[in-house]
Amino acid sequence: MTEVQKTTGAKATIAQPKHRTGATEKHYIPGYPTKLYIYKLQASRYWWARYFVGRNAVRKSTKTDSKQKAIAFAKEFYDIITYNQRHGIAATASATGFESCLKELLKAEKARLKRGEIAKGTYDNFVYRYDKFITPHFRNVEVREIDYFALERFLNTLSEQKLTASTISAYMGLIAKVLSYAAKRKLIASVPEFPTVTKKDKARGWFTTREYRRLWSAAKRYAGQRMEVRKYKDAKGDTQTQFINTNAKSGKLGTVMRNVDMTEDMRRLIVFMCNSYIRPTDIKFMKHKHVDIVRGEYTFLRLRLPPTKDHSDPITTMEKAVDSYETLKKYHVEHGLIDGKSCDDDYVFLPQYKTNRDYALKQLQRQFEILMWDTKLGTSAAGEDRTLYSLRHTAIMYRLLFGEGINTLALARNARTSVEMIDRFYAKPLSGEMNIAMLQSRRRHRNIYDGDFEILQRRESLEKVALA
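Per our numbering, the very first residue in the sequence shown carries number 771; after that it's consecutive.
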């Protein structure tokens, strides 16, 4: 390696590279440690910056073929690394990247989880969504390079996935969390402006009383059967799904994707959820020790479930849920799935899947999908998709429709939600006709104590004219 003249105050050397990734030219930065320098590769027209942190070399492309700009980049590169070292961030160039900031954020979120500030389901949902679309898109992007237009490009990518506006908005909010965290770490001056996502609240599908009876009857009819889920091509070449009994002698199409055992649990779950307000995720964690049977003036179940969505209040069920629970428990005992004397730590639904509760919930979802296919109730008249969550929605809707003098605050707390959520999502389908009795009701005359009987007489006269 031979030394050449200093250029713009920087010491330069030229060498014959051994391969395409070897340095062909190298310049040290005046006033900075010799561990920092820029260099060129035969395999790239851009200058690269390198700095040694201990024995580890940190390098990054300057993305410019201008030596002057490359030197300026190297100085900023050095400042970022030394700042990270002072503030306990991994001293690598990637520490200023989106992925590294995300890792640091998730450490903070995990600490919040341990402190009980957020629920495990909330944390798991964060991780899932970051892994699904966000990290793959921003993995090699520096946080300071994420501006309005970069966010808009990602927004367009999400739109191509046919996600709802509400889901897209949630993804954009998670990016904002990372950038806000980066701003607190002084990695960026401020959080950039975000493109607007216009979202419209969409009510979740629920079942009318007639549809509920159809659904329950279908679950009763299918209990004990094994169904095949098959994929095949129709006449147009489009992929279709076929649900058919494994014992069918003919009519099977395409290839078997999986088998689904239709269980008694599904039948009882329909009744239980429509009378208990629980979420589908509660099914995974609900054990017999969480269930108390209360008998007295009122008969109900007191569900002391693990916290969900920052709510931990016990849930009080309708009386019908008691019968559903006791019948299913007896069924599990008779079939040897649980011990009737000591079953506190056994799960209420599909207790045979003790170690994989995610799979237990998936099995119930697959059974429900078959019932939606059989009953043709998968989509409501208003175009709303129906899932297991629709059973919870049905429970809340029935109280709003058939309950007398329902207090929405009490209902919201019992369902572990908020009055706002009740109004935005659950009560959205309510129409005037559904509550015609309330709308046409009349108040009784109250006593007037201010001595203004003239006003009372005038009011009564007006009512007589209106009713004539």
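In this text, a Cβ means the ideal position worked out from N, Cα and C, and glycines have one as well. As the structure is a computational prediction, the values presented were derived from the model and not from experiment.
Residue i - DSSP class collapsed to helix/strand/coil
i, result
"Gly891", "helix"
"Ala840", "helix"
"Trp818", "strand"
"His797", "strand"
"Ile1085", "strand"
"Ala1151", "coil"
"Met1204", "Summary for Met1204: the model assigns pLDDT 49, below 50, so the residue's position carries little reliability, and this model does not support an answer."
"Tyr1123", "coil"
"Val961", "coil"
"Val1189", "helix"
"Val913", "helix"
"Ala863", "With a pLDDT of only 45 at Ala863, under 50, the local geometry of the prediction cannot be trusted, and the value read off the model is given with reservation. Ala863 falls in the helix class under three-state DSSP."
"Tyr802", "coil"
"Val1103", "helix"
"Val823", "strand"
"Leu1209", "Here the model assigns Leu1209 a pLDDT of 47, short of 50, so the residue's position is not dependable and the matter cannot be decided."
Boundaries of the alpha helix (DSSP H) in which residue i is found, first to last residue
i, result
"Glu1139", "Arg1127 to Thr1145"
"Leu944", "Ala935 to Lys954"
"Arg984", "Thr979 to Tyr992"
"Pro906", "Thr905 to Phe908"
"Asn926", "Tyr918 to Ser929"
"Ala1182", "Thr1178 to Asn1184"
"Glu1174", "Premise fails: Glu1174 is in no alpha helix (DSSP H) and is neither H nor E."
"Ser870", "Phe868 to Lys884"
Through-space distance from residue j to residue i, alpha-carbon basis
i, j, result
"Met942", "Leu925", "8 Å"
"Leu1209", "Glu1174", "With a pLDDT of 47 at Leu1209, under the threshold of 50, the modelled position of this residue cannot be trusted; read the value that follows with caution. Cα to Cα, the separation comes out at about 14 Å."
"Ser929", "Phe903", "12 Å"
"Ile808", "Glu915", "21 Å"
"Tyr770", "Ala946", "As displayed, the chain neither begins before 771 nor continues past 1238, which places residue 770 out of reach and without an answer."
"Tyr1068", "Lys890", "34 Å"
"Gln855", "Val823", "9 Å"
"Gly886", "Arg984", "42 Å"
"Ser939", "Lys1054", "27 Å"
"Glu981", "Ala878", "46 Å"
"Lys1132", "Tyr1101", "21 Å"
"Ala1005", "Ile1085", "51 Å"
"Gln1010", "Val1118", "35 Å"
"Thr1149", "Thr892", "28 Å"
"Thr1033", "Ile851", "58 Å"
"Met1191", "Ile1166", "11 Å"
"Tyr1219", "Gly1066", "Annotation note: pLDDT 49 at Tyr1219 (below 50); position unreliable, coordinate value reported separately. Looking at the two C-alpha atoms, the distance is approximately 42 Å."
"Leu1161", "Thr1178", "19 Å"
"Ala1185", "Ala1018", "42 Å"
"Leu876", "Lys1124", "29 Å"
"Tyr798", "Lys845", "11 Å"
"Thr1097", "Asp1008", "43 Å"
"Ile1147", "Glu1154", "Note that residue 1147 is Leu in the sequence shown here, rather than Ile. So the two alpha carbons sit approximately 10 Å from each other."
"Ile1014", "Thr1145", "14 Å"
"Trp1143", "Asp1193", "30 Å"
Residue i vs residue j beta-carbon contact at 7 Å
i, j, result
"Asp1062", "Arg1072", "yes"
"Trp976", "His1163", "yes"
"Ala989", "Ile1040", "yes"
"Leu806", "Tyr848", "yes"
"Ser950", "Val967", "no"
"Asp1031", "Arg996", "yes"
"Met1027", "Lys1003", "no"
"Trp818", "Arg825", "no"
"Leu1158", "Gln1135", "yes"
"Phe964", "Leu921", "yes"
"Arg1169", "Ile1176", "yes"
"Tyr816", "Lys839", "no"
"Ala993", "Phe1042", "no"
"Ala1130", "Leu1120", "yes"
"Arg899", "Leu944", "yes"
"His1058", "Asp1116", "yes"
"Arg1038", "Ser1094", "yes"
"Thr866", "Glu795", "no"
Span of the beta strand (DSSP E) around residue i
i, result
"Lys833", "Looking at the DSSP string, Lys833 is not in any beta strand (DSSP E), and its letter there is neither H nor E."
"Tyr809", "Leu806 to Leu811"
- request: Kindly provide the ranges of any beta strand (DSSP E) runs that are 3 or more residues long and lie completely inside the segment 997-1083, ordered along the chain.
  value: Counting whole runs of 3 or more residues, the segment 997-1083 contains the beta strand (DSSP E) stretches 1009-1015, 1025-1031, 1061-1064 and 1070-1073.
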